[in-house]
Amino acid sequence: MTIRRAVAMSLFFLTSLTSHQLNAQQAKIMDADLERGKRIYRSVGYCGNCHGWPGDGRTGRLLQAPEAPSLRESELDTETLIEVVKCGIPGTAMPYHGRTAYLDGSCYGGMELSDFEQGTAPPLGKTFGDSDVFNVVAYLEAYVIGRKEPTIEECTEFFGNPNARACKRLK
Ligand code: HEC
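Using the working numbering, read the sequence shown as starting at 1 and increasing by one per residue.
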């Protein structure tokens with residue numbers, strides 16, 4: 001990450017969450033449905049089109065999709081992951097996925113889409129509700145962030161099929 005991007009991101013992430021809200025977020029992550037989170041990743045949000053099915057930023061991604069970083073190497077904390085998935089990352093190709101993003105006052109300190117300068121609003125992705133934002137973030141924390149190279153076991157688990165075509169290359 002460039003320094004300029006790091007500064008820009010930390011400015012965007014300067015939101016005013018109270019510790020009460022933070023605890024409520026942690027509780028929702030702990031209650032999250034990981035299977036559902038995987039489904040959101042795989043076939044609702046289509047995160048893998050850009051990040052690859054294992055979230056490594058490479059494997060199985062769509063070649064024509066915007067380049068996206070490895071989520072395996074992400075160092076973001078839970079509340080930032082929630083905000084990024086729900087609200088996207090302004091000025092980049094990372095779309096917003098929250099059904100109520102920029103409508104409910106929760107994105108980047110109450111930003112609305114009309115507040116962005118031309119061309120800097122995050123693109124609209126496939127949307128889902130807040131509980132699925134928690135589910136997919138919990139899935140990332142449980143199965144993606146901190147993992148090393150994707151394995152054949154992870155692949156067959158992800159596709160639910162030991163003969164999945166996408167896993168042949170890993171054998
Ligand atoms: C259209 C392509 C695209 C799709 C679809 C997409 N992303 Fe991203 N994502 C990106 C790009 C590009 C970035 C990097 C933006 C930047 O330059 O900081 C990113 C960044 C992220 C980050 C921040 C990683 C970090 O450590 O900085 C997270 C977390 C993330 N995406 C999760 C998701 C999830 C979960 C989904 C599906 C619900 C998803 N993305 C769908 C393109 C995409």
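Ideal Cβ positions, reconstructed from N, Cα and C, are used throughout, including at glycine.
Just so we're clear, the structure is a prediction, and the values are computed from it rather than from any experiment.
Simplified DSSP assignment, three categories, for residue i
i	result
Thr156	helix
Gly48	helix
Leu62	coil
Thr78	helix
Tyr139	helix
Phe116	coil
Nearest-angstrom beta carbon gap, residue j and residue i [assumed within contact, 8 Å]
i	j	result
Val173	Phe128	Residue 173 falls outside the range modelled here, since the chain spans only 1 to 171, and no answer is possible.
Check: residue i C-beta below 7 Å from any heavy atom of the ligand HEC
i	result
Thr78	no
Ala93	yes
Asn49	yes
Pro69	yes
Leu103	no
C-alpha distance - residue i paired with residue j, whole-angstrom precision
i	j	result
Pro66	Thr92	10 Å
Ala27	Cys87	20 Å
Gly108	Gly52	What sits at residue 108 in the sequence shown is Tyr, not Gly. Rounded to whole angstroms, Tyr108 to Gly52 spans 27 Å at the Cα level.
Residues near residue i in its chain [Cβ-Cβ closer than 8 Å; skip 5 each side]
i	result
Pro162	Thr156
Contact set for residue i: own chain, Cβ-Cβ below 6 Å, skip 5 residues either direction
i	result
Ser106	none
Ala32	Phe134, Asn135 and Ala138
Ser131	none
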